[in-house]
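Here is the structure we will look at, set down as structure tokens.
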Amino acid sequence: MPSAFAITPAASTLRLDAQGRGELSFTVTNTSGRPLRGRAKVQAQDPSQQSWFRLEGEPERNFAADKSTDQFVVKVNAPPNTPPGKAVMHLDMSSVENPDEVFTIGPMVSCELIRQDVVKKKIPWWVYAVGAGVVVLLIAVLLLTRTAKVPNVVNMSFADAQKELEAAGMKLGQTNQKSTGKPAGTVLAQTPAAGEAMPDHKIINLDVEQEPPHDVAVPAIVGLSLTDAQDKLTKASLKPGKFTYDLNSPGKPNFVLDQNPRKDIRVPFDTEVDLVVKGDSVPVPALVGNSLQNAVIQLQNMDLQMALSEQVIDARIKAPGTIVAQNPAPQIMVARKSTIAMTVAKAPNVVISYNPVFYERLNAQSKMSLQSISSGRALAPQK
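Take a look at the structure:
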């Protein structure tokens, strides 16, 4: 789907002031060809830096259909005592009415923090004298250490590598995130390599194992069989959720008709995905007048389950153990595994004796317990 918005930052790099503050404007244009109400959201590449960024003004605004534009301003405020470095962010736009389908991710903008807050004080004269002495000392140290070697930080944690480089007088340059299966934050490679002569700029670049993802895109399972859909969800670290059987919509029985959440939506691991499945329907058999054993056998043959209740009836009118009512009525089409309610005749004040193993075998899928059934005389399994 073509992008619905064009997002243009005023600059690709924003240099923050000494207090770690700055702002950047973004021009957003409606390129969808129809009126939209858009919602802006500023997103930090590093979630720990999300608090640096704040969107000025209303995030939701109306855009006419004729490539109308609007300006959004993002304020940046790095926390106090933040060391020099970079923070990357982007402005995203989505349709208020359909955010999952109509959205645009804006270009990355790098925010550079050059130095920390500086407290301006009047510097005594002797500080300059000490400074001059330090400069002379540093020059002497540089002359004596021109043959210093680059330390080896490969396989260290990123934090330990930073300490090692600082102790060697080196500065961290570019950090590249890669995935190799090692523990997150492990240094994979370095440039210059360990043992090389320390360069004059004393900058070292590192390849570091990236943090593992904490979410996953929901796969497309509409049109798959129920078994294949469950396997696909499991392989994606997701779980099958609630099943709804649809008897009216066209499709193959036991194939997925719809899913929630929809495909490509990013969700946390182990999220449940609800499915609408084409039901395999069967007609309800006629059970009234049958013995309980015959009724159970018919339901099992139709892959249906049952819920049983009792009604006290004079044995001269209706033999105990006979089905006297059912719901739904015969020939009604229902999905397999549906529960059919049955009422069985019971003689007053007489307890039935029966073979529970027989009934457990007949209706194992319904997990029905017949321990409370009573009637006027013993019911033996029909042969």
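Under this note's numbering, the first residue of the sequence shown carries the number 2, and numbering increases by one thereafter.
Glycine included, C-beta positions come from ideal geometry on N, C-alpha and C.
Scanning its chain for C-beta atoms nearer than 8 Å, with the 5 sequence neighbours on each side dropped, one finds around Q211 the residues Q178, K179, S180 and A185, in chain order. The three-state secondary structure of T30, taken from DSSP, is strand. K347 is the residue among A296, K76, Q327 and K347 whose C-alpha sits nearest the C-alpha of A320. Under the three-state reduction of DSSP output, T235 falls in the helix class. Cβ contact annotation for L56 (same chain, cutoff 7 Å, sequence separation greater than five): A41, V43, F73 and V75, in chain order. E59 has no beta-bridge partner at all, per DSSP. In this structure, Q260 sits near A230, with a CB-CB distance shorter than 9 Å.
Note that the stretch 28-35 touches the stretch 63-70; at least 3 beta-carbon pairs, one per stretch, sit closer than 8 Å.
Annotated as proximal: V29 and M94, with beta-carbon spacing under 9 Å. Your pair P152 and E165 checks out as a contact, with CB atoms roughly 5 Å apart and the cut at 8 Å. The stretch 258-315 is shown to contain whole alpha helix (DSSP H) runs of 4 or more residues at 293-302, in chain order. Residue environment analysis places G322 among the buried positions, since at least 16 neighbouring C-beta atoms fall within 10 angstroms of its C-beta. With respect to M199, M171 sits close: the two C-beta atoms are nearer than 9 Å. Rounded to the nearest whole angstrom, the C-alpha separation of F270 and E197 is 44 Å. Counting only the Cα atoms, V89 lies some 14 Å from I106. With the rule of 3 Cβ pairs closer than 8 Å, the stretch 288-307 does not count as touching the stretch 251-266. Its chain contains T30, N31 and T32 as the residues whose beta carbon lies nearer than 8 Å to that of K68, once the 5 sequence neighbours on both sides are disregarded; these appear in chain order. Contact between the stretch 237-250 and the stretch 276-285 is present: 3 or more CB-CB pairs across the two stretches fall below 8 Å. The C-beta separation of I324 from N350 comes to about 21 Å, leaving the pair out of contact by the 8 Å criterion.
DSSP, reduced to helix, strand and coil, places L248 outside both helices and strands of the structure shown, so it counts as coil. Here P100 carries a coil assignment [DSSP, helix/strand/coil]. For T228, the secondary structure class from DSSP, reduced to helix, strand or coil, is helix. Contact annotation: A237 and P213 have beta-carbon atoms that are not nearer than 9 Å. Judged by their CB atoms, A342 and A308 are nearer to each other than the 9 Å cut-off.
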